[in-house]
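Residues in the sequence shown are numbered from 71 upward in steps of one, following this note's numbering.
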Amino acid sequence: MSNAEYITLCTQYQELKRMKEEITAEMDGIADQIKTAMGTAETVTAGQYKIRHTTVNGSRLDSAALKKALPDIAARFTVATVQKRFSIN
Numbered sequence: 071m072s073n074a075e076y077i078t079l080c081t082q083y084q085e086l087k088r089m090k091e092e093i094t095a096e097m098d099g100i101a102d103q104i105k106t107a108m109g110t111a112e113t114v115t116a117g118q119y120k121i122r123h124t125t126v127n128g129s130r131l132d133s134a135a136l137k138k139a140l141p142d143i144a145a146r147f148t149v150a151t152v153q154k155r156f157s158i159n
């Protein structure tokens, strides 16, 4: 691939990324308006749409606390991972 082709693709990528961020911000704003209008209701039906804003409980392992309290056990169950990160600056 030529340098000019890289530049073209990177320019297109950056523009699409900018558009995605704008669309995401607009979607978040609309979602906030809907949630405000719903108040404390968890479900609202509007025509063909069933809107839910429900509480979801979850739990996760606090790995920092585990490493501090039981470092030997934390080390035994720690798995190293390798990932490739893609970025354009």
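Virtual Cβ for every residue (Gly too), placed ideally from N, Cα, C.
For residue i, the three-state DSSP class (helix, strand or coil)
i           : result
residue 122 : strand
residue 133 : helix
residue 146 : helix
residue 159 : coil
Whole-Å CB distance - residue i paired with residue j, under 8 Å assumed
i           : j           : result
residue 121 : residue 113 : 7 Å
residue 144 : residue 136 : 5 Å
residue 105 : residue 123 : 5 Å
Give, in chain order, every unbroken run of the alpha helix (DSSP H) that is at least 4 residues long and sits entirely within the region 78-131.
DSSP runs (the alpha helix (DSSP H)) wholly in the region 78-131: none.
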